Every structure is written in structure tokens, then in C-alpha cells.
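Notes to accompany the following structure.
Residue numbers (our numbering), protein chains in the order written: chain A, 232 to 434; chain B, -2 to 232.
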């Protein structure tokens, strides 16, 4: 009985193997997951453009751009990026006269993991950026581009070995505040986005 | 050979069954192993990579951006062009209000009041505006059930990035989404938080549509490169 069942199974499975390549990527979903991080520390805000042309703030950086250099991630192996998450840590505000710490930077945020205090855009090989209005690429608040530490934004992004992912960050705390207040120049201790990566290995 | 860390492949199971068929003495002995390996086989590649398995994946963020919106101001007609064939799977939004204070003390006091007035579910400051959107200038998706369009609270019809308000739009290249918003921050002045004026300018509002690249998608089928993994990476 057992050899007969095995013969039948061998026949069926042989046909199935012949009908598809199982060399790749069967089994991949059970592989370990990698994390690729882009991180900046002590990130300062950039000057804001004028709300009214000609007033203070002229010459600032538009709200959906940044002049910060991109953080590169060199792709070490063929992979599928399955998710992206982000967070930042604001610093306390300091009163220069009294030396007193103000906690209000923590009250500004209304998004999980302080993702509305920094903006981000990410792209591939410097020629394609994935945040756009259809005409130009945009640096957008992380709250609308990435998920949280608990719940990454689900993605499906196949990348190849030796490609370069670039991530740009902008501190946007000063978006909440008028131009002329000195306390608007507040640092982020760190801002991070992390990609959840699935390694694709040929069998 | 299969291991505890890696499931067996189809070839390995077929080989084992072949060995059993050709060697009846071993067949009974290995039947338990064969049954286990069959149970451990991963689902077929197509099943893993097809849209049902990655139902909410997206790569593109197509956004409408509004700057400096005054209390009660309506801003309409901001267009987001679809630069490729996109499957829009969700929408998320964020408002950044301008807290126009000169001192940190004033700001701290206001932010405490603001916390009281904000709906706890209104993450991303979505409680400060309402919106609508349409496709190619004609179809109203936010309405009162008849032809007349209306605005709906952003809290109700958008997500905050932790979740996305689910959508299912298949856009073709050069399709346009038009987005309109209204600043409703002044409505919170009915909230009893003292005599603080809670009307705020919105320095930035972003309504972002999360989309899957559909390659050369067409209603009758076509290339779905963004949804399937070719034999090696994207080569």
C-alpha cells in the first residue's frame, strides 16, 4: 500500500515540479527579516519661506523640499522591502535666560512616534523618488509616508544588489511656529526610518 | 535536504516519494516523514505574491499639498497627477497648524488647551480640516448621495499612517485626482476650554494617496510587474 501511494505521489509531484520552477522563491517567506536603517542625529530645522513674499523668511526652503544631503543605503543583496517605519525624538526646549527646560516640543506632535515633526522622502539611485504630486518629487511629513514602530507601512518594493536607496530628512518643528521666535530653532535628537527587508536568495 | 529552519521544496518531496516508490521496504518507514514534508510545503509562489497576499502594499505616495490655509477658508482644485498606472489602495492625511505665539509660556498654555479640544482620535491634527476629492474633474466621491458634493471630516475619510482609509482606485497615466479642503479649526471654539481662541492657520496640509505601481495596467489585464517577483530581483 505505502509504495503504491508513494508512486502515485511521486508521479503527481513530478508533474508539478516540471510545470513550475521551484528554485525560487519557494520558502523565502520563512527566511529571516532584515532591517535597513537611515538615521540622522541632531537635525536642525531649515529656514522657512515667506508666507507673504517680501517679508521675513524670504529665501527659505520651500515646505516640500530640503537642502539636507541624502542618507544612502547600499542594497547588499536582492531583496523585497516589505515595510517602512519611522520615528524621531525631539529635544526639550531651553530658556536661554533661566536655563529652564520646556516640554512643549513634545506637545506639538499629534502623530504616533512624533512622525509629524520630520519630513522624509526616499528614492532609488537618485533618479526616482516615491513621493510626488505627479510632477515634482516632494519631501512630506513622515506621518503620511511611513508607518510606526508598531505598525510599519506595508510595501512591496523589489530591489537589486548594489542599488542605492537614498533617504532625505527635514526637521519640520518650525512649521508649527512663527518665523521670528528664537525658540523655533529646535533640534531633533534623532530621526530614523527603517525598512523591513526580505532577503531573496536563489536556492 | 529540508531542515527545521527551511521548509522542504517540491523537488525534495518528489525525490523522497520516488525513493519510497522504488524501495518498498523503506516506504512504510518513511511515510510519516513524507506526510510531514507535504504538510510543510510552502504555498505556491503565485499564491504568495498575488494581490490578496499583499492586499495593502504600496510604494508610491501621491500627495496634494496645501500651504497657509486660514480659518474657515476653502481651498479647492489642487491636482495630483498620476504619473503612471497606479492602484490607489489608501489615503492618509496630516495638518500642521501654525501656533502664532511669541513666548514659550504662551505656547505651552495654548498647547494644553489644544489637547483638551482635540478629539483623541484626531491624530495627525486631522480634526482641523475636512476635505473632498474627485477624479478627472467629474466624479464626486464624497457626496450626500445625490449629485451634490460635500466636505467630510478628515478624521472620518482618511487614515493617519498607522492605518490607511482603504481605497480601490485604478488610475491610468495622467489621470488627475482633485483635492479640496476646508480649515475647520474655528469650530472647536465651542469646546469649553476657557476663552482661548482655537482658530488656527494651517501652515501645511497634506492629503496623500498610497499607490501600487501597476506597470502597464489595463482593465483587461496586462503587465503586473509591481506585484510579482521575477526569477531574480527586478532584473
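Where a beta carbon is used, it is the ideal one built from N, C-alpha and C, also for glycine.
Nothing here was measured: the structure is a model prediction, and the numbers come from that model.
Reference residue i; option with closest CA among the options
| i | options | result |
| --- | --- | --- |
| residue 269(B) | 70(B), 81(B), 162(B), 170(B) | Here chain B has residues from -2 to 232 only, and residue 269(B) is not among them. |
| residue 431(A) | 242(A), 266(A), 308(A), 239(A) | 308(A) |
| residue 428(A) | 244(A), 390(A), 394(A), 416(A) | 390(A) |
| residue 72(B) | 133(B), 198(B), 31(B), 33(B) | 198(B) |
| residue 68(B) | 127(B), 33(B), 34(B), 61(B) | 127(B) |
| residue 35(B) | 385(A), 241(A), 303(A) | 241(A) |
| residue 243(B) | 299(A), 377(A), 335(A), 345(A) | With chain B covering -2 to 232 only, the question about residue 243(B) has no answer from this structure. |
| residue 30(B) | 269(A), 233(A), 272(A) | 233(A) |
| residue 354(A) | 346(A), 405(A), 302(A) | 302(A) |
| residue 178(B) | 185(B), 210(B), 78(B), 147(B) | 147(B) |
| residue 327(A) | 422(A), 239(A), 414(A) | 414(A) |
| residue 33(B) | 79(B), 10(B), 19(B) | 10(B) |
| residue 65(B) | 407(A), 422(A), 388(A) | 407(A) |
| residue 252(B) | 239(A), 412(A), 401(A) | Nothing in the structure corresponds to residue 252(B), since chain B is present only between -2 and 232. |
| residue 310(A) | 387(A), 423(A), 324(A), 422(A) | 387(A) |
| residue 166(B) | 82(B), 194(B), 20(B), 141(B) | 82(B) |
Per-residue DSSP class, three states only, for residue i
| i | result |
| --- | --- |
| residue 37(B) | helix |
| residue 305(A) | strand |
| residue 118(B) | coil |
| residue 374(A) | helix |
| residue 346(A) | helix |
| residue 160(B) | coil |
| residue 59(B) | strand |
| residue 321(A) | strand |
| residue 137(B) | strand |
| residue 98(B) | coil |
| residue 337(A) | helix |
| residue 127(B) | strand |
| residue 206(B) | strand |
| residue 386(A) | strand |
| residue 19(B) | helix |
| residue 143(B) | coil |
| residue 381(A) | coil |
| residue 265(A) | strand |
| residue 154(B) | helix |
Beta-carbon contacts of residue i that lie in its chain and below 8 Å, excluding the five residues immediately before and after
| i | result |
| --- | --- |
| residue 371(A) | 295, 350, 351, 352, 362 |
| residue 157(B) | 89, 90, 91, 120, 121, 123 |
| residue 27(B) | 13, 16, 17 |
| residue 93(B) | 122, 199, 200, 201, 202 |
| residue 416(A) | 275, 276, 405 |
| residue 246(A) | none |
| residue 164(B) | 85, 86, 87, 88, 206 |
Cut-off 6 Å between Cβ atoms - residues of its own chain near residue i, not counting five sequence neighbours on either side
| i | result |
| --- | --- |
| residue 206(B) | 59, 85, 88 |
| residue 329(A) | none |
| residue 70(B) | 180 |
| residue 420(A) | 320, 322 |
| residue 426(A) | 267, 312, 315 |
| residue 176(B) | 61, 75, 130, 204 |
| residue 418(A) | 273, 275, 322 |
| residue 385(A) | 314 |
| residue 346(A) | 317, 373, 374 |
Per-residue contacts from residue i into chain A (C-beta, under 8 Å)
| i | result |
| --- | --- |
| residue 131(B) | Simply none; closest approach about 15 Å. |
Amino acids of chain A, ordered along the chain, whose beta-carbon sits closer than 9 Å to that of residue i
| i | result |
| --- | --- |
| residue 57(B) | 361, 362, 363 |
| residue 14(B) | 236, 237, 238, 239, 240, 241, 242, 243, 244, 245 |
Chain B residues whose Cβ lies nearer than 8 Å to that of residue i
| i | result |
| --- | --- |
| residue 376(A) | 58, 158, 205 |
| residue 346(A) | 158 |
| residue 269(A) | Residues of chain B passing the Cβ test: none, with the nearest at roughly 16 Å. |
| residue 274(A) | By Cβ distance, chain B contributes nothing, its closest Cβ being about 17 Å from residue 274(A), past 8 Å. |
| residue 349(A) | Residues of chain B passing the Cβ test: none, with the nearest at roughly 12 Å. |
| residue 426(A) | By Cβ distance, chain B contributes nothing, its closest Cβ being about 12 Å from residue 426(A), past 8 Å. |
Chain-ordered neighbours of residue i on chain A, where CB pairs are closer than 7 Å
| i | result |
| --- | --- |
| residue 96(B) | 407, 408 |
| residue 28(B) | 233 |
| residue 18(B) | 234, 237, 238, 241 |
Amino acids of chain B, ordered along the chain, whose beta-carbon sits closer than 9 Å to that of residue i
| i | result |
| --- | --- |
| residue 342(A) | 91, 120, 121, 122, 157, 158, 159 |
Residues of its chain near residue i, where Cβ-Cβ distance is below 7 Å and the 5 sequence neighbours each way are ignored
| i | result |
| --- | --- |
| residue 133(B) | 172, 173 |
| residue 52(B) | Note on residue 52(B): pLDDT 44, under 50, position unreliable in the model; the coordinate value appears next. Same-chain partners within the cutoff: there are none. |
| residue 380(A) | 316, 318, 344 |
| residue 194(A) | There is no way to answer for residue 194(A), as the model of chain A reaches only from 232 to 434. |
| residue 399(A) | 297, 299, 301, 351, 352, 370 |
Residues that residue i contacts on chain B, provided the C-beta gap is smaller than 7 Å
| i | result |
| --- | --- |
| residue 366(A) | 78 |
| residue 324(A) | 101 |
*Name, going along the chain, the residues of the stretch 400 to 415 of chain A whose beta-carbon falls closer than 9 Å to a beta-carbon of chain B.*
403, 406, 407, 408, 409, 411, 412, 414
*Along the stretch 234 to 246 of chain A, what residues have a CB closer than 7 Å to any CB found in chain B?*
234, 237, 238, 240, 241, 244, 245
*When Cβ atoms are compared, which residues of the stretch 376 to 390 of chain A fall closer than 9 Å to chain B?*
376, 377, 378, 379, 381, 382, 384, 385, 386, 387, 388, 389, 390
*Residues from the stretch 292 to 322 of chain A in contact with chain B, defined by Cβ distance under 7 Å*: 294, 295, 309, 311
_Residues of the stretch 174 to 188 of chain B with Cβ closer than 7 Å to any Cβ of chain A, in chain order_ = none
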